[in-house]
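Oh and the sequence shown: position 151 is 151 in this note's numbering, straight run, nothing missing.
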Amino acid sequence: MRVYVPTTLPGLAAAYKAGELGPGPLDAFAVTPALREWYVSDDIEELEYAALIRSAQVSLRLLATDPQAPRRRVVVALDVPDAEAVADPDRGLDSSLLGAVSIARVVPFAKVAAVHVDAADAEADVSAAAAALGAADLGDDDAQFTVDGAEDHDLLWYATQEVPGLVG
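Okay, structure coming up:
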């Protein structure tokens, strides 16, 4: 199963250096039955993109808690056996957590299929979105508009051999 793990550039650097993503449990997003039902789609690429975007939203939250991290969302795509990506049925009731899964163990970096990262030109919008998250969570429509602005930027795809250039 392809899963999408939210992180930051410092988190990616640490995982690359350690040769693994962890410690477990890892929070991630994947194409779960709840996500399929919500999006009412049979197109696996569309569903995987939805899981990727949900993971990018969590990456933004990680950035909001780490002011030293570069203002670029990071999502690590990796493949794990289906049985290892466990969805909590109670979490599925929260629409913001559709597709959320947990991976109990450390995952070797060798399982990483690709990394998705914002381009440098997204940094200003991502920075503003991270700063506005608290107000958006409290219902501020202007802040939510700012948060949504980060999603106007597509994450770029990087092969695993390109990771040293991203974190170096």
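Heads up, the beta-carbon is just placed ideally off N, CA and C, and yes, glycines get one too.
In this text, all values refer to a predicted model and were calculated from it rather than measured experimentally.
When DSSP reads this structure, Val80 sits in no beta bridge, so it has no partner. Under DSSP, Trp157 shares a beta bridge with His116. If you draw a straight line from the Cα of Leu21 to the Cα of Leu138, it is about 32 angstroms long.
In the DSSP assignment, Phe29 falls within the unbroken beta strand (DSSP E) covering 26-30. Note that the C-beta distance between Val107 and Leu78 is below 7 angstroms.
Buried is the label assigned to Ile103, since at least 16 other Cβ atoms lie within 10 Å of its Cβ.
Here DSSP, grouped into helix, strand and coil, assigns Val147 to helix. Residue pairing for Thr7: DSSP places it in a beta bridge opposite Val74. In this structure, Leu60 lies near Ala129, with their beta-carbon atoms less than 7 angstroms apart. In the DSSP assignment, Leu21 forms a beta bridge with Val107. Of the candidates Arg54, His116, Ser127, the residue whose Cα lies closest to the Cα of Glu162 is His116. Exposure of Phe145 is indicated by the presence of fewer than 16 other C-beta atoms within 10 angstroms of its C-beta.
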